[in-house]
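Comments concern the structure below.
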């Protein structure tokens with residue numbers, strides 16, 4: 001059973017821990033030849049973030065606004081849009097497509113920015129992943 005990765009956004013090591021987890025996620029995709037997704041948890045009433053790693057080397061970061069109040073939704077959607085994220089057609093989420101060649105460190109910085117955007121609390125988060133076959137992905141290898 002894979003252990004969840006703990007991310008403390010207030011710790012300088014968070015970007016390194018998250019970078020290593022993203023590298024492990026991408027390695028799993030390459031080795032197993034199946035897409036995989038990692039979910040960053042969120043405090044109650046805030047937005048979780050999903051990292052989709054694709055076989056072609058691209059990544060897609062996804063935020064859904066389901067748990068957000070109307071005012072938080074506006075703040076988070078506006079802030080993500082200013083960072084280059086694209087609001088979904090249903091206006092209930094946003095995505096950022098990262099092309100092949102985007103470094104894991106760049107992805108980690110974007111994830112850390114997105115989980116704290118719009119005034120979200122900087123509490124500890126967990127990161128867990130599964131591949132397209134439903135198997136857990138070890139993000140600490």
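Numbering (UniProt numbering), first residue to last: 1 to 141.
Backbone N, C-alpha and C define an ideal beta-carbon position, used for all residues, glycine too.
When we look at the beta-carbon of residue i and count the other beta-carbons within 10 Å, is it buried (16 or more) or exposed?
i	result
residue 86	exposed
residue 31	exposed
residue 100	exposed
residue 125	buried
residue 6	exposed
residue 12	exposed
residue 93	buried
For chain C, check one thing: does any of its Cβ atoms lie closer than 7 Å to the Cβ of residue i?
i	result
residue 55	Absent from the structure: chain C. Only one protein chain is present.
Grab me the residues of residue i's own chain with a C-beta within less than 8 Å of its C-beta, minus the 5 sequence neighbours each way, in chain order.
i	result
residue 98	58, 59, 60, 61, 106, 107 and 110
Between which two residues does the alpha helix (DSSP H) containing residue i stretch?
i	result
residue 128	Looking at the DSSP string, residue 128 is not in any alpha helix (DSSP H); the run it does join, the beta strand (DSSP E), is 125-131.
residue 16	14-32
residue 117	First-last for residue 117: undefined, no H or E at that position.
Between which two residues does the beta strand (DSSP E) carrying residue i extend?
i	result
residue 38	36-40
residue 5	5-7
What residue from the options has the CA that sits closest to residue i's CA?
i	options	result
residue 14	132, 74, 104 and 130	104
residue 43	23, 121 and 6	121
Near residue i, which residues of its chain fall below 6 Å by C-beta distance, leaving aside the five closest residues on each side in sequence?
i	result
residue 34	131, 132 and 133
residue 54	35
Problem - Segments assigned alpha helix (DSSP H), at least 4 residues, entirely inside the region 43-100 - result: Qualifying alpha helix (DSSP H) stretches, in chain order: 70-82.
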